[in-house]
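According to the numbering used here, the sequence shown holds residues -12 to 242 in order.
We put the beta carbon where it would ideally sit given N, CA and C, even for glycine.
Encoded as structure tokens, the structure appears first; notes follow it.
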Amino acid sequence: MGKRNNQRYIVSKWAKTKALLPNRSIAKHIPDTRVITRNSLQDMLYQYGMVYVKPDNGTYGNGVMRVERDSGPGGIRYRYQAGTRVRTFNSYEAMYNSIKKLIGKRKYLIQKGIHLLKYNNRRFDLRVMVQQSPSKRWVTTGIIGRVAAKRKVVTNVHNGGTLLPFETLLKGHTGAARRRGLFQGLKRLGLSVAEQMKTRYAGIKELGLDVALDRKLYPWILEVNTAPDPFIFKKLKDKRIYRRIYHYSKAYGRL
Ligand SMILES: Nc1ncnc2c1ncn2[C@@H]1O[C@H](COP(=O)(O)OP(=O)(O)OP(=O)(O)O)[C@@H](O)[C@H]1O
Ligand SMILES: [Mg+2]
């Protein structure tokens, strides 16, 4: 693995993924991720049926696509969705050429698709905020849910997503004891991700994990942001959460 540096912000999703994979207890929460090529996309679609294709240095969910392969009675069909637009194809080649046109020369990744839990029939995932405290301890300071807009495949607020509390989103999926355990588990996962990232990037001060839950409530780390939006936590009723996030952000000079 590469050497340690003092960068505070890391843009490349691929670089951040590579920093996390050496830690086995974190790696088991990262969906299989590869750089896109004609062959790697075909292989991963065959393996997983549904994958996400995303820019290595994207933000706000822009350029993210959901790609699917279905073998039905009429043969194998391919489809992908970018924004609200869905396109279907009879051949892999035709679909790849169409995707390739959107991608152009940019570096793109493919990730095993996670079937996100739903709330009111919309997909949701979670943002886990981890920050360095003024006394230089790492603390998971907040967890909030992000619900995708209708007919969207991304949950980002900049793409019409809605912020809701963890409790609201998980209530319909499991009981109070399991919810509490999951919440604590996510806080611990946030801390171990921060510890691991620091072994490679000594300058980071805060992280925002995008975490998907599958049907078994297993957490999958979709992405780790090094400049997470602190203001989304204003939406929570418990004002102490945002106040601490703001206070920590100020202390390390982000705000
Ligand atoms: N492997 C995946 N399985 C299911 N959904 C995914 C997957 N990858 C991404 N998504 C959905 O797409 C959204 C955007 O993807 P991602 O967070 O990787 O990029 P981004 O949001 O553009 O980057 P940033 O968070 O830095 O702005 C996720 O929040 C999630 O809703
Ligand atoms: Mg994201």
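- For D197, the uninterrupted beta strand (DSSP E) run begins and ends at 193 to 200, by DSSP.
- Taking C-beta atoms as the reference points, R110 and A135 count as a pair closer than 7 Å.
- DSSP, read as helix, strand or coil, puts K41 in strand.
- Look at N212 here: in three-state DSSP terms it is strand.
- For K0, the enclosing alpha helix (DSSP H) starts and ends at 0 to 7.
- By the 16-neighbour rule on beta-carbons within 10 angstroms, L169 is buried.
- Secondary structure note for V117: its beta strand (DSSP E) is the uninterrupted segment 109 to 119.
- Judged by DSSP secondary structure, L178 falls within the alpha helix (DSSP H) whose first and last residues are 163 to 187.
- Rounded to whole angstroms, the gap between the alpha carbons of L194 and P215 is 6 Å.
- Going by C-alpha positions, K0 is about 25 Å away from R138.
- Contact check for P152 and L176: beta-carbon distance about 19 Å, past the 8 Å limit, so the pair fails to qualify.
- Note on geometry: alpha-carbon atoms of R74 and Y39 lie some 15 Å from one another.
- For N(-8), the pairing in a beta bridge is given by DSSP as Y188.
- Ligand 2 has a heavy atom closer than 6 Å to the beta-carbon of D197.
- Cβ-Cβ distances below 8 Å link R66 to V54, E55, D57, V73, R74, T75, F76, M82 in the same chain, with the five nearest sequence neighbours on each side left out; the list follows chain order.
- Here the C-alpha atom of T161 lies approximately 27 Å from the C-alpha atom of Q98.
- In the three-state DSSP reduction, Y47 falls in the coil class, being neither helix nor strand.
- Pairing G129 with F220 gives a Cβ-Cβ distance under 7 Å.
- Taking every protein chain shown into account, the CB of T186 has fewer than 16 other CB atoms within 10 angstroms, so this residue is exposed.
- In this structure, I191 is the residue among I191, I228, K3, D43 with its C-alpha nearest to the C-alpha of W125.
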